[in-house]
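*Asks:*
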Amino acid sequence: MTTTRWLFALQLVAMGAMEMSGPFWPLHLRRVGDLTPHALAWVSAIAYAGPLAMAMCTTPWWGRLGDKVGHKPMLLRALLALAATQWWIAATDNVAVILSVRLLQGALAGYIAAAQAYGARLVTREARGALMAQLQAATAIGSVTGPVLGGWLFDAQGFASVNVWAGAACLLCAALAFLVLPAVAPPATRSPGVRERKAALPAGLYGLLLGIVLVQAGKMMPQTFFGLYADEVLHVSNRVTGLCYAGTALGLCVAAPYWARRFAHLAHARVLAQVEWILWACAAIVAVQALVTNIALFVLTRVLWGVCLAALLPVFYGLLSRAAADDEQGRVLGAGNGAAKAGALVGAGAGGLALAWVPLAAMFWTVALLYAVAAVGMRAIRTRSSDFQHLQTTTGTS
Numbered sequence: 213m214t215t216t217r218w219l220f221a222l223q224l225v226a227m228g229a230m231e232m233s234g235p236f237w238p239l240h241l242r243r244v245g246d247l248t249p250h251a252l253a254w255v256s257a258i259a260y261a262g263p264l265a266m267a268m269c270t271t272p273w274w275g276r277l278g279d280k281v282g283h284k285p286m287l288l289r290a291l292l293a294l295a296a297t298q299w300w301i302a303a304t305d306n307v308a309v310i311l312s313v314r315l316l317q318g319a320l321a322g323y324i325a326a327a328q329a330y331g332a333r334l335v336t337r338e339a340r341g342a343l344m345a346q347l348q349a350a351t352a353i354g355s356v357t358g359p360v361l362g363g364w365l366f367d368a369q370g371f372a373s374v375n376v377w378a379g380a381a382c383l384l385c386a387a388l389a390f391l392v393l394p395a396v397a398p399p400a401t402r403s404p405g406v407r408e409r410k411a412a413l414p415a416g417l418y419g420l421l422l423g424i425v426l427v428q429a430g431k432m433m434p435q436t437f438f439g440l441y442a443d444e445v446l447h448v449s450n451r452v453t454g455l456c457y458a459g460t461a462l463g464l465c466v467a468a469p470y471w472a473r474r475f476a477h478l479a480h481a482r483v484l485a486q487v488e489w490i491l492w493a494c495a496a497i498v499a500v501q502a503l504v505t506n507i508a509l510f511v512l513t514r515v516l517w518g519v520c521l522a523a524l525l526p527v528f529y530g531l532l533s534r535a536a537a538d539d540e541q542g543r544v545l546g547a548g549n550g551a552a553k554a555g556a557l558v559g560a561g562a563g564g565l566a567l568a569w570v571p572l573a574a575m576f577w578t579v580a581l582l583y584a585v586a587a588v589g590m591r592a593i594r595t596r597s598s599d600f601q602h603l604q605t606t607t608g609t610s
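Just so we're aligned: 220 in the numbering used here is position 8 of the sequence shown, and the numbers increase by one with no gaps anywhere.
Okay, here's the thing in structure tokens:
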């Protein structure tokens, strides 16, 4: 099996393991903490947003370290950190300890950025967009299977078993990565003068980073309340909750290759123009989720939402990777993942705030509103970025 296929398989298993607990944190925290609804809203927000905040701070640093020493050690470090912290969480029912370990997990992990930077050194610049889509598809497949398996384990054996098995999967991935992935030497160091002139990110990348923040905020916001919504509004079991949660990842997995091919040769301005319309489609689909209680229709809207999401984050990562120099892949993709963490932090914070004040049955309307704001923000990025103005004029994009 080729190195890129091993990388795909490792990402699928590791991210699937981490998604096993994804929808269920509010339910677990409610059980162990005996919390009021307002307290549960804030604690759930911290459980999701805390690791993201820590990762946002540390992921670029890990990326720069990987540029210096190679990205395989960063892969191993992330997988071992995930295994250790999942087992630690499995061993405690103390809310404060759970939240503290989640923060530590966010600071030490950063697997996705490490995998992207490692993979970028394996392929040509032209193939990096396709590689980013493949890795995102691996994450999506893991996100389909992980919540379903996690829901079954949660119902059958309890939440601790979910984390024990997730930690075991991450440890297995670390062992396989050590054995089968070749070490990739860091790129040759440029002269100090050249490095100093290129210390700042190219101006055009900042618009892409802001776009990542916007789209990731909309994707993350429902996580803070999804388990509670499924339990109290849809009235379904943990198994069905996992299935509903996985519908989004299924749509993303199926549609990611199509969107990668569609956007592969389009100019940045054309891509961003189409992304704006996809954000409006997300707002409409999420609004439908707010209206339906039939489980089949609800899962269908989740799948359609995933189809739209496949056109967002993977596309931005591909644009970032193509725009970055060979010896800055870790740094730039680390910045991209930091932006994704920042957007997820915004989404989780907004979800926690809304959950504290908005009736649970109306929560998806707040997500639809956030997507509408993101679409307006994308229009502002397109029209105000000087890097894309010439392309917009020559292609006739509006």
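Where a beta carbon is used, it is the ideal one built from N, C-alpha and C, also for glycine.
Would you mind stating whether K218 and V392 have Cβ atoms separated by less than 8 Å?
*Replies:* Position 6 of the sequence shown, counted from the first residue, corresponds to residue 218. Position 180 of the sequence shown, counted from the first residue, corresponds to residue 392. The question names Lys, but residue 218 in the sequence shown is Trp. Their beta carbons are under 8 Å apart, which means W218 touches V392 by this criterion.
*Asks:* With a threshold of 6 Å on Cβ separation, who are the neighbours of V579 within its own chain once the five nearest residues in sequence on each side are excluded?
*Replies:* Counting from 1 along the sequence shown, the entry for residue 579 is found at position 367. The residues are M433, P434 and V498.
*Asks:* So, are the CB atoms of M213 and K553 less than 8 Å apart?
*Replies:* For this step, residue 213 is matched to residue 1 along the sequence shown. For this step, residue 553 is matched to residue 341 along the sequence shown. No.
*Asks:* Is it right to say L347 is buried, meaning 16 or more other beta carbons lie within 10 angstroms of its own, or is it exposed?
*Replies:* Along the sequence shown, one-based indexing puts residue 347 at 135. Buried is the call here.
*Asks:* Using DSSP with H/G/I as helix, E/B as strand and the rest coil, what is I397?
*Replies:* As a first step, residue 397 is located in the sequence shown; it is residue number 185 there, counting from the start. The sequence given here has Ala at residue 397, not Ile. In the structure shown, A397 falls within a coil segment according to DSSP collapsed to helix, strand and coil.
*Asks:* Under 8 Å, Cβ to Cβ, is there at least one residue of chain B near A458?
*Replies:* No chain B appears in the structure shown, which is made up of a single protein chain.
*Asks:* In or out: E231 buried (at least 16 other Cβ within 10 Å) or exposed?
*Replies:* To locate residue 231, count along the sequence shown from 1; it is residue 19. Result: buried.
*Asks:* Please report the residue range of the alpha helix (DSSP H) in which V519 lies.
*Replies:* The residue labelled residue 519 in the question sits at position 307 within the sequence shown. According to the DSSP assignment, V519 belongs to the alpha helix (DSSP H) that extends over I507 to L521.
*Asks:* Starting from M266, follow the alpha helix (DSSP H) in both directions and report where the run begins and ends.
*Replies:* Locating residue 266 in the sequence shown gives position 54, where the first residue counts as 1. Element bounds for M266: P249 to V281.
*Asks:* So what's M213 in DSSP terms, helix, strand or just coil?
*Replies:* Within the sequence shown, numbered from 1, the residue matching residue 213 stands at position 1. Coil, per DSSP.
*Asks:* F510 and V504 look like a contact to me (Cβ under 8 Å); what is the Cβ gap, rounded to whole Å?
*Replies:* Within the sequence shown, residue 510 is the residue found at index 298, counting from 1. Within the sequence shown, residue 504 is the residue found at index 292, counting from 1. Contact holds; Cβ gap of about 5 Å.
*Asks:* If you draw a straight line from the C-alpha of A467 to the C-alpha of A229, how long is it?
*Replies:* Along the sequence shown, read from residue 1 onward, the residue named residue 467 stands at position 255. Along the sequence shown, read from residue 1 onward, the residue named residue 229 stands at position 17. Cα atoms of A467 and A229: separation of roughly 22 Å, rounded to the nearest angstrom.
*Asks:* How long is the line joining the alpha carbons of L320 and T270, rounded to whole angstroms?
*Replies:* On the sequence shown, position 108 is the one that residue 320 refers to. On the sequence shown, position 58 is the one that residue 270 refers to. Roughly 8 Å between the two C-alpha positions.
*Asks:* If you run the structure through DSSP and keep just helix, strand and coil, what is R333?
*Replies:* Indexing the sequence shown from 1 puts residue 333 at position 121. Looking at R333 - three-state DSSP - the assignment turns out to be coil, as it is neither helix nor strand.
*Asks:* Assuming contact is defined by CB atoms lying nearer than 8 Å, are L439 and T453 in contact in what I supplied?
*Replies:* Here residue 439 refers to the residue found at position 227 when the sequence shown is read from its first residue. Here residue 453 refers to the residue found at position 241 when the sequence shown is read from its first residue. Per the sequence presented here, residue 439 reads as Gly, with Leu not at that position. Contact: yes.
*Asks:* In angstroms with no decimal places, state the Cα-to-Cα distance between I310 and V376.
*Replies:* Counting from 1 along the sequence shown, the entry for residue 310 is found at position 98. Counting from 1 along the sequence shown, the entry for residue 376 is found at position 164. If you take the alpha carbons of I310 and V376, they lie about 14 Å apart.
*Asks:* For A508, which option in R474, Y457 and A547 has the closest C-alpha, if you only look at C-alpha atoms?
*Replies:* Here residue 508 is taken as the residue at index 296 of the sequence shown, counted from 1. Closest option to A508, Cα to Cα, is Y457.
*Asks:* Using 8 Å as the cut-off, can you tell me whether the region 328 to 344 makes contact with the region 528 to 535, which would need three or more C-beta pairs spanning the two stretches below that distance?
*Replies:* yes
*Asks:* Between which residues of its own chain and A221 is the CB-CB distance below 7 Å, once the five residues before and five after are set aside?
*Replies:* Sequence index remark: in the sequence shown, residue 221 carries index 9 (1-based). Counting only Cβ-Cβ distances below 7 Å, and skipping sequence neighbours, we find nothing.
*Asks:* Spatial neighbours of L224 within its chain, please: C-beta separation below 6 Å, excluding the five flanking residues on both sides.
*Replies:* Position 12 of the sequence shown, counting from 1, holds the residue named residue 224. Cβ neighbours of L224 beyond the five flanking positions: A350, I353 and G354.
*Asks:* As a quick exercise: from A296, T436 and A308, pick the residue whose alpha carbon is nearest that of D246.
*Replies:* Along the sequence shown, one-based indexing puts residue 246 at 34. If we check each option's Cα against that of D246, A308 comes out closest.
*Asks:* Alpha carbon to alpha carbon, what distance is there between R451 and K280?
*Replies:* Position 68 of the sequence shown, counting from 1, holds the residue named residue 280. Position 239 of the sequence shown, counting from 1, holds the residue named residue 451. Straight-line Cα distance between these residues: approximately 44 Å.
*Asks:* For L420, which residues from the same chain have a beta carbon less than 7 Å from its beta carbon, with the 5 sequence-adjacent residues on both sides left out?
*Replies:* Here the question's residue 420 lines up with position 208 in the sequence shown. Around L420: F528, L531 and L532.
*Asks:* With three or more C-beta pairs closer than 8 Å as the rule, is the region 484 to 494 touching the region 582 to 592?
*Replies:* Contact annotation: the region 582 to 592 touches the region 484 to 494, with at least three C-beta pairs closer than 8 Å.
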